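Please read the structure below before turning to the comments.
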Amino acid sequence: MSDLTVNNISFHYPEQEVLLKNVSFEVSSGTSVSILGPSGSGKSTLFYLLAGLYSPTAGGMKLGKHELKNSGMVGYMPQDSSLFPWKTVKENILLGHKLARKKHAFSLDHWLERAGLVQVADSFPHQLSGGMKQRVSFLRALASGHNVICLDEPFASLDALTRTKMQKWLASLMADDQTFLLITHQIEETVLLSDRILLFMNGLQGRPKEIINPFPRPVRFEVRKTSAFWEFVQEIEIQLE
Amino acid sequence: MKRRILPLVLSIVVLLFIWEIISIIGDFPVWQLPSPYVVGLELWRSWTSSEYLLHVRATFIIACFGFILSILVGVGVAVWLYFSTFLTRIVTPFLLFSQNVPIIVLAPLLVVWFGFGIEAKLLVVILVCFFPITIALVDGFEQVDRNLLRYLEMSGATKWEKFRHLAFPSAVPVLFSSCKLSATYSVMGAVVAEWLGTERGLGMIMTQAANSFRTDRVFVSIITIVVLSGCFFFLISLVEQWWKHKRKLI
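Protein chains in written order, with numbering that gives the first Met the number 0: chain A, 0 to 240; chain B, 0 to 249.
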């Protein structure tokens with residue numbers, strides 16, 4: 000069953016050119032899908048539409064049987080972590096849980112332990128490293144209890160070493176019953192973290208080209224040492240050009 | 000700490016020195032410009048007199064209660080304006096009006112309506128002090144981090160949740176700044192209120208001293224007002240430091 004259906008949506012900001020034009024795609028429940036496209040093509044705006052920040056000017060979106068019209072129906076992890084500076088790590092994570100309209104169980108201690116954040120649970124964001132901030136931000140999205148979680152360039156601001164660590168960490172935490180949508184400019188990252196890749200080669204228009212990741216999840220990070228992995232990365236790169 | 004206090008002490012010493020030189024060279028009569036030494040003697044006499052301290056206490060009580068009420072009114076009005084755009088349009092002109100009428104003109108009217116009791120004096124202090132708090136908070140509620148606001152909107156947060164998790168915490172630093180400003184205004188407001196008529200208070204002492212050309216006593220009252228204002232300012236700064244410490248900002 001298709002968990003998320005995006006049907007022919009178009010969107011433009013007031014007094015600006017059309018950014019999204021008749022975009023359609025489906026995402027099956029429990030899969031991880033990456034969205035690749037040129038910079039400034041409206042990928043983040045697509046997430047804003049999914050999260051109900053804006054309404055599409057045409058078309059519609061469905062989550063299961065429900066129309067995706069209101070905000071608060073999908074989890075969201077922003078690019079810059081966007082943690083509340085006056086809240087501790089614990090409070091930031093629990094905010095995701097508090098804001099969820101649908102009440103659900105969430106074990107904070109369990110997740111803090113899995114994220115390696117127990118020692119800094121009572122620290123404030125300014126006391127954390129970039130990687131830790133992103134972990135807190137991801138846990139906050141998980142705490143919202145939504146089945147679909149949008150990750151908007153989650154590791155863009157991190158250095159290469161921390162990014163690799165975070166990719167491994169995220170891959171280990173991606174549950175099979177949750178759906179992940181990922182925006183990233185790192186093709187390598189899309190291959191490591193997603194089951195399917197949606198390629199919007201000429202901006203967000205129409206139906207994207209879909210590529211099935213030949214390296215099934217959880218992908219062993221060792222595949223990066225194989226030539227097959229890099230050939231696949233290069234193949235996507237060529238298609239994007 | 001030493002680095003902060005030393006320049007202050009130095010500047011006071013320099014000021015007193017210049018004042019002393021002017022009073023010696025100008026050979027002014029005491030009623031016109033008393034020397035720092037004369038003012039210092041009167042200051043010592045006043046601060047060690049229980050009668051004078053009763054006057055200080057009367058002003059302190061009005062300033063203190065007036066200031067606390069000003070915080071409540073200032074915060075209350077700002078929160079009210081945050082939640083109602085419609086009311087903002089209605090109330091804002093009246094708020095501006097309340098600040099454009101000089102308090103010295105408005106105060107006698109308050110005495111006519113509320114009498115010589117503490118109510119009119121508290122109202123004067125509130126009218127002087129609440130506005131900086133309200134204006135600072137209204138701005139503070141608006142000047143929120145756009146990314147955090149977007150996160151809350153995407154999470155389906157209600158207006159109350161946006162206020163509780165973002166607008167109010169964002170405005171806490173400006174709340175402290177405006178409270179420091181209002182704290183210093185509160186003593187001035189209390190003294191102005193006492194000019195209208197009272198049995199006790201620094202305002203009355205000042206009026207009597209000015210009428211009888213006891214300029215040294217006027218200076219003593221001014222110094223007492225400055226010290227009282229400084230204490231209020233210091234208290235707010237302490238609370239601010241505690242808040243920053245709690246959030247591990249220092």
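Cβ atoms here follow ideal geometry from the backbone N, Cα and C, with glycine treated the same way. A quick note: this is a predicted structure, and the numbers were derived from the prediction, not measured.
When DSSP states are grouped into helix, strand and coil, residue 58 (chain B) belongs to the helix group.
Look at residue 147 (chain A) here: in three-state DSSP terms it is strand. Residue 59 (chain A) is bridged by DSSP to A:6. Measuring C-alpha to C-alpha distances from residue 147 (chain A) to each of A:58, A:222, A:75 identifies A:75 as the nearest. Residues of the same chain with a CB within less than 8 Å of the CB of residue 101 (chain A), apart from the 5 flanking positions on each side, are 144 in chain order. Using a Cβ-Cβ cut-off of 8 Å, residue 81 (chain B) does not count as an interface residue toward chain A, since no Cβ of chain A sits closer than that to its own. Annotation for residue 195 (chain A): the continuous beta strand (DSSP E) segment containing it runs 195-198. Around the beta-carbon of residue 105 (chain B), fewer than 16 other beta-carbon atoms lie within 10 Å, marking it exposed. Going by C-alpha positions, residue 65 (chain A) is about 27 Å away from residue 183 (chain A).
When C-beta atoms of the region 85-94 of chain B are compared with those of the region 141-155 of chain B, fewer than three pairs fall below 8 Å, so the two segments do not count as touching. Contacts between residue 244 (chain B) and chain A, judged by CB atoms closer than 7 Å, are missing: the closest CB pair is about 12 Å apart.
Taking residue 19 (chain A) as reference, the option from A:118, A:81, A:57, A:29 with the minimal CA-CA separation is A:57.
Residues of chain A with a Cβ closer than 8 Å to the Cβ of residue 150 (chain B) are, in chain order, 75, 77, 81. With contacts defined as CB atoms closer than 8 Å, residue 203 (chain A) and residue 5 (chain A) fail to qualify as a contacting pair. For residue 243 (chain B) and residue 231 (chain A), the gap between their C-alpha atoms comes out near 51 Å.
Collapsing the DSSP output to three states places residue 66 (chain A) in a strand.
The alpha-carbon of residue 78 (chain A) is positioned some 7 Å away from that of residue 154 (chain A). Within the region 131-161 of chain B, the residues whose Cβ lies closer than 7 Å to some Cβ of chain A are 146, 147, 149, 150, 152, 153, 154, 155, 156, 160, listed in chain order.
Contact check for residue 165 (chain B) and residue 174 (chain B): beta-carbon distance about 14 Å, past the 8 Å limit, so the pair fails to qualify. By a beta-carbon distance limit of 8 Å, residue 188 (chain B) contacts residue 65 (chain B). Their separation comes to about 6 Å.
Note that the C-beta distance between residue 139 (chain B) and residue 170 (chain B) is below 8 Å.
Closer than 8 Å to the CB of residue 134 (chain A) there is not a single CB belonging to chain B. For residue 80 (chain A), the three-state secondary structure derived from DSSP is coil. Within the region 72-126 of chain B, complete beta strand (DSSP E) segments of at least 3 residues are not found at all. Residue 180 (chain A) has A:32, A:149 as its beta-bridge partners, per DSSP.
The continuous alpha helix (DSSP H) containing residue 218 (chain B) extends over residues 214-245.
Between residue 181 (chain A) and residue 31 (chain A), the beta carbon gap of about 7 Å places them in contact (Cβ cut-off 8 Å). Rounded to the nearest whole angstrom, the C-alpha separation of residue 210 (chain B) and residue 114 (chain B) is 24 Å. Between the region 114-130 of chain B and the region 45-60 of chain A, the count of C-beta pairs closer than 8 Å stays below three; the two stretches do not touch.
Contacts between residue 168 (chain B) and chain A, judged by CB atoms closer than 9 Å, involve 83, 84, 85, 86 in chain order. Within the region 54-70 of chain A, the residues whose Cβ lies closer than 8 Å to any Cβ of chain B are, in chain order, 69, 70.
Counting only unbroken stretches of 4 or more residues, the alpha helix (DSSP H) elements lying wholly within the region 27-55 of chain B are 35-46, in sequence order.
Rounded to the nearest whole angstrom, the C-alpha separation of residue 13 (chain B) and residue 4 (chain B) is 14 Å.
By the Cβ-count criterion, residue 3 (chain A) is buried, with 16 or more other Cβ atoms from all chains shown falling within 10 Å of its own Cβ.
Rounded to the nearest whole angstrom, the C-alpha separation of residue 78 (chain B) and residue 168 (chain B) is 13 Å. Along the region 118-133 of chain A, the positions whose C-beta sits under 8 Å from a C-beta of chain B are 122, 123, 125, 126, read in chain order.
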